[in-house]
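What follows is a short report on a single structure.
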Amino acid sequence: MNSRQFFLSFFVFIITSHFVHAQVDKKDAYLNEPIDSTLAKAIQLNEILIDRTQNKADAESIKRFQILQRRVYKVYPYAKIGAERLVLLNKGLSTLKTNSERKKYFKIIENYLSNEFEQQLKNLSRKDGQILVKLIYRQTGSSTFDLIKNLKSGWKAFWSNNTAKLFDINLKTKYEPLVVNEDYLIETILVRAFQNGILVNQDAAIPIDYPEVAAF
Numbered sequence: 050m051n052s053r054q055f056f057l058s059f060f061v062f063i064i065t066s067h068f069v070h071a072q073v074d075k076k077d078a079y080l081n082e083p084i085d086s087t088l089a090k091a092i093q094l095n096e097i098l099i100d101r102t103q104n105k106a107d108a109e110s111i112k113r114f115q116i117l118q119r120r121v122y123k124v125y126p127y128a129k130i131g132a133e134r135l136v137l138l139n140k141g142l143s144t145l146k147t148n149s150e151r152k153k154y155f156k157i158i159e160n161y162l163s164n165e166f167e168q169q170l171k172n173l174s175r176k177d178g179q180i181l182v183k184l185i186y187r188q189t190g191s192s193t194f195d196l197i198k199n200l201k202s203g204w205k206a207f208w209s210n211n212t213a214k215l216f217d218i219n220l221k222t223k224y225e226p227l228v229v230n231e232d233y234l235i236e237t238i239l240v241r242a243f244q245n246g247i248l249v250n251q252d253a254a255i256p257i258d259y260p261e262v263a264a265f
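Quick note on numbering: the sequence shown equals residues 50 to 265 in our numbering.
Here is the structure:
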């Protein structure tokens, strides 16, 4: 099964049936570059500042940051729900003994999630999907690829039948706020949003060393 099938199938079950309108946003490409030593000093966890050096960030940098912030606000709730659903999934599976019971369980969950989330997720862009994969890692401690791989083999047939519109993204992507510029910015956005009550806090599955992040 290729990465496109993995991605769709995972979110069909964990969140919904499919994403559409996947569009490449080239202006976001810079976000995946390694953290620059100057830029690394530009963000504080308690107060988001685009520039901590002598010169203030230019209007374009601020605009890019605001776009990223909107994306994080948009997809974080789905990552949070995904993590919660995984807990329920594992708990539910532990009580089922036969393949027949599991198939019925899968179908009930799929229908519920599709009805609840499909319409909202139809408007996610490719870049939104990329950020969602990173936040899934933050909230679960595993990449989307590993989450799929580690589920029971009985799911493989179910996933292979889902071939709707898909994102071209790396399912093995991790969330590394101490290494990747975009992740660094995402974490500051999340902390600020949690503090201001904009987003509901759900601790990262792998504890984040905030003093170390702030020291950059």
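Each residue gets a CB set at the ideal place from its N, CA and C atoms; glycine is no exception.
Residue i and residue j: beta carbons closer than 8 Å?
i           : j           : result
residue 275 : residue 177 : The question about residue 275 has no answer, for the chain in this structure spans 50 to 265.
residue 223 : residue 192 : yes
residue 188 : residue 253 : yes
residue 251 : residue 129 : yes
residue 235 : residue 183 : yes
residue 125 : residue 227 : no
residue 181 : residue 233 : no
residue 185 : residue 246 : no
Does residue i pass the burial test, meaning 16 or more other C-beta atoms within 10 Å, or should it be called exposed?
i           : result
residue 107 : exposed
residue 109 : exposed
residue 174 : buried
residue 244 : exposed
residue 231 : buried
residue 28  : This structure gives no information on residue 28, because the portion of the chain shown stretches from 50 to 265.
Beta carbon of residue i: closer than 7 Å to some heavy atom of the ligand GTP?
i           : result
residue 111 : This structure does not include the ligand GTP; it has no bound ligands of any sort.
*On the three-pair Cβ rule with 8 Å, is the region 141-148 touching the region 247-261?*
no
*Could you say if the region 134-141 and the region 242-260 meet the contact criterion of at least three C-beta pairs nearer than 8 Å?*
no
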